[in-house]
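All remarks here apply to the structure that follows.
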Amino acid sequence: MKVPKKSVPQKDEVQKKRTSDRKNKASKKSVQKAEDVEEIKLKQVVALEPQSKKKDNSNKKKNKMSKKKTVSKVEEAEQDLHKLVSALDLESNVDKEEDSDGEDSDFNPGFEESDTDGEDSDFVSAVEESDSSEDEVPARNTIGDCPLDFYKDEKHIGYDVKGRKIIKPEDINMLEELLRKADSKKKFTVRDEYNGEDVEITKEDRKLIQRFLKGKTPHAEVNPYPDYVDWVEHHANHPLSNAPEPKRRFIQSKWENKEVLRLVRAIRNGHITFEKPKEEKRVYLLWGPDSSSIEKRHGLNYIPPPKPKLPGHEESYNPSLEYIPTQEEISAYELMYEEDRPKFIPRRYESLRKVPAYENAVKDTFDRCLDLYLCPRARKKRINIDPESLKPKLPSRKDLKPYPTTCFLEYKGHSDAVTSISVQVSGQWLASGSKDGTVRIWEVATGRCLKIWDVGEAVHCVAWNPDPQLPVLAISVGQDVLVLNSGLGSAEEQQRINELVHIDAPSATDNSDKSTPVVSWLQHDKHDGIRLKHIKMVTSVEWHRKGDYFSIVMPADILLVLNN
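Right, dumping it as structure tokens:
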């Protein structure tokens with residue numbers, strides 16, 4: 010495989026190209042230097058030109074002298090310009106000679122030098138044609154960062170490239186400044202004292218300054234509070250750092266402990282003292298009551314003692330006759346208890362000097378001191394409550410329906426108040442006891458009175474046996490309890506009831522050690538039953554649910570359980 014040979018430019022073409030580039034660079038440098046010289050010359054001429062319009066007729070001679078000086082200085086500036094141009098021509102010739110020498114010595118047909126030179130020339134042209142902002146333009150003043158106050162008393166301000174003085178521009182008075190602003194199209198300008206020129210403030214700059222003054226961002230397009238976007242995915246299973254806790258987190262600091270001990274010793278020894286709070290001056294209300302000052306002294310919970318009663322008209326040495334008691338009233342006072350008796354009996358004296366000493370003065374003072382010492386004072390809050398609001402609000406009768414409103418059946422027969430009723434287990438029969446001394450058995454459905462027992466005393470309680478096969482009724486009358494056969498049930502049930510009723514009963518209970526038994530079992534022949542006599546009045550009787558036992562209650566706090 011053949012490798013293609015690299016094309017090598019001819020020597021003459023390369024040499025011509027290099028010489029042309031050198032010439033272009035030299036011409037550009039000479040033109041730029043000439044422009045700088047002309048600019049310096051114009052500045053000097055402007056600075057030295059007399060202002061004949063502003064000066065008076067008395068200064069004409071001075072103006073002529075200044076004109077001669079300016080002409081001489083202009084001639085000197087022209088000579089300097091010719092010298093500078095000749096120097097530039099010499100430099101261009103030197104550059105040409107260097108180009109010719111470099112072409113002869115550095116020529117190498119195998120080295121692509123022409124490509125690099127072309128790139129340099131393109132870069133230089135691009136820089137010259139670039140449109141840069143005013144901020145990137147180098148400063149016209151050459152004094153650097155030196156303060157302008159250093160040249161305040163001098164006629165010049167800095168030096169140029171050649172080391173010559175740059176003459177200050179003459180100050181413009183206020184009138185010329187006003188005319189210049191009126192003629193100028195620039196509305197907003199700022200004086201640049203460093204470079205000695207006026208800089209225009211554009212509309213965009215003014216908007217930027219206004220946003221700065223309001224505390225906003227320089228550009229309106231910028232959002233100072235953008236929404237947060239979490240670009241990094243964090244794993245929520247673990248914290249940001251899974252490192253173990255250092256030992257210093259749970260161990261006391263050795264140096265802090267030493268510092269605390271040092272401060273404690275210094276405080277104890279008195280080397281470190283604290284400022285005591287200054288006591289504020291106490292202010293009292295001059296015309297206020299005494300209780301207000303006492304409350305402030307003792308606190309809000311302090312309750313002042315009640316003041317003693319002030320003397321009235323009856324304690325006067327010469328009271329009116331209506332206050333003086335008669336002899337009968339005085340004798341009535343002596344018959345009263347000492348607590349209810351009045352402590353002072355008014356009397357009349359002809360003059361104040363005839364009034365004797367008060368007999369109970371020491372005793373009253375002692376009682377007053379005892380009351381203040383022993384009687385506690387308490388503050389009770391009284392609440393004004395309407396008594397009607399404490400009563401419960403009863404619902405209306407309409408809300409309580411349904412309830413019985415009509416009398417369905419009435420059992421009439423007792424002549425006095427009914428004290429107790431009891432319904433038989435089957436629900437067919439009803440027993441009632443009354444203060445008239447009778448016990449009646451009623452049929453519930455018809456209201457027919459089936460049987461009447463006259464026990465002779467007021468009945469306190471009536472109770473049916475809950476066993477349906479033993480229709481026996483227990484009645485409490487005074488100090489007795491009667492267990493009677495109602496006569497209801499079948500023949501077998503009646504036979505069983507008769508056997509239970511006619512069983513020989515014990516004469517005493519478990520209290521056989523005492524002289525008088527608590528209860529005595531006796532046969533009640535009048536009403537075919539058993540009579541249990543107690544030592545006190547029986548107020549209540551209650552059967553067991555099986556019907557084998559019943560209990561009674563007496564006022565002597567004795568509860569008896571008896572076997573049927």
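Sequential numbering from 10 applies to the sequence shown in our numbering. Quick reminder that beta carbons are idealized off the backbone N, C-alpha and C, glycines included.
| Query | Result |
| --- | --- |
| Do Ser441 and Val469 count as a contact pair if the criterion is CB distance below 8 Å? | Before going on, a small fix: residue 469 reads as His here, not Val. Not a contact, by the Cβ cut-off of 8 Å. |
| Since Leu491 sits in a beta bridge, which residues does DSSP pair it with? | Ile484 and Arg540 |
| Report the partner residues of Tyr168 according to the DSSP bridge assignment. | Lys174 |
| Using the C-alpha atoms, what's the distance from Arg377 back to Glu359? | 31 Å |
| So Gln336 is in the beta strand (DSSP E); what residue range does that whole segment cover? | That residue, Gln336, is in no beta strand (DSSP E); its alpha helix (DSSP H) goes Gln336 to Leu344. |
| Looking only at its chain, what residues have a beta carbon closer than 8 Å to the beta carbon of Thr226, apart from the 5 residues adjacent to it on each side? | Arg220 and Pro233 |
| Enumerate in chain order the residues of its own chain whose CB-to-CB distance from Pro314 is below 6 Å, with the five nearest sequence positions on each side excluded. | Leu381 |
| My output table needs one value for Thr211: the three-state DSSP class, helix, strand or coil. | coil |
| Tell me, to the nearest whole angstrom, how far the beta carbon of Arg357 is from that of Asn327; I am working on the premise that it is less than 8 Å. | 6 Å |
| Between which two residues does the beta strand (DSSP E) carrying Leu459 extend? | Cys458 to Asp463 |
| Answer yes if the region 539-557 comes into contact with the region 479-491, meaning at least three C-beta pairs across the two stretches below 8 Å, and no otherwise. | yes |
| For the structure I just gave you, are there three or more beta carbon pairs, one from the region 424-443 and one from the region 473-486, closer than 8 Å? | yes |
| What separation, rounded to the nearest whole angstrom, lies between the Cα atoms of Asp181 and Arg173? | For the sequence presented, residue 181 should be read as Ile rather than Asp. For Ile181 and Arg173, the distance between alpha carbons rounds to 24 Å. |
| Val427 and Val448 - do their beta-carbons sit closer together than 8 Å? | no |
| Where do the N-terminal and C-terminal ends of the alpha helix (DSSP H) with Ile506 fall, by residue? | Ala500 to Val510 |
| Over what stretch of residues does the alpha helix (DSSP H) that includes Val273 continue unbroken? | Lys263 to Asn278 |
| Distance check for Glu419 and Ala454, CA to CA, integer angstroms please. | 11 Å |
| Where does Asn310 land, buried or exposed, given buried means 16+ other C-beta within 10 angstroms? | exposed |
| Just the C-alpha distance for Lys545 and His533, rounded to the nearest angstrom, thanks. | 19 Å |
| Buried or exposed for Met563, please, with buried defined as at least 16 other CB atoms from any protein chain shown within 10 angstroms of its CB. | buried |
| Give the DSSP-derived three-state secondary structure of His322 in the structure shown. | helix |
| Taking DSSP as the reference, what is the three-state secondary structure of Phe559? | strand |
| Tell me which residues share the same chain as Thr1 and place their Cβ nearer than 6 Å to its Cβ, disregarding the 5 neighbours each side in the sequence. | Residue coverage of the chain in this structure runs from 10 to 573, which leaves residue 1 outside it and unanswerable. |
| Who does Leu439 pair with in a DSSP beta bridge? | Val432 and Trp451 |
| Measuring straight from C-alpha to C-alpha, what distance separates Phe353 and Lys402? | 53 Å |
| Taking the alpha-carbon of Arg215 as reference, which of Pro404, Lys196 and Arg200 has the nearest alpha-carbon? | Lys196 |
| For Gly498 and Gln478, what's the separation of their Cα atoms in angstroms? | 7 Å |
| Looking only at its chain, what residues have a beta carbon closer than 8 Å to the beta carbon of Lys555, apart from the 5 residues adjacent to it on each side? | Pro475 and Asp476 |
| Taking Asp445 as the reference, give the member of Leu319, Pro396 and Ile461 with the closest Cα. | Ile461 |
| Give, in chain order, every unbroken run of the alpha helix (DSSP H) that is at least 4 residues long and sits entirely within the region 400-427. | 406-409 |
| Give me the Cα-Cα distance between Leu344 and Ala472, rounded to the nearest whole angstrom. | 60 Å |
| How far does the beta strand (DSSP E) with Thr198 in it extend, from its first residue to its last? | Thr198 to Asp201 |
| Using a Cβ-Cβ cut-off of 8 Å (strictly less than) and excluding sequence neighbours within five positions of Arg457, which residues of its own chain qualify? | Trp451 |
| Quick one: what's Ala467 bridged to in DSSP? | Per DSSP, none; premise fails for Ala467. |
| What does the alpha-carbon distance come out to for the pair Gln504 and Thr415? | 42 Å |
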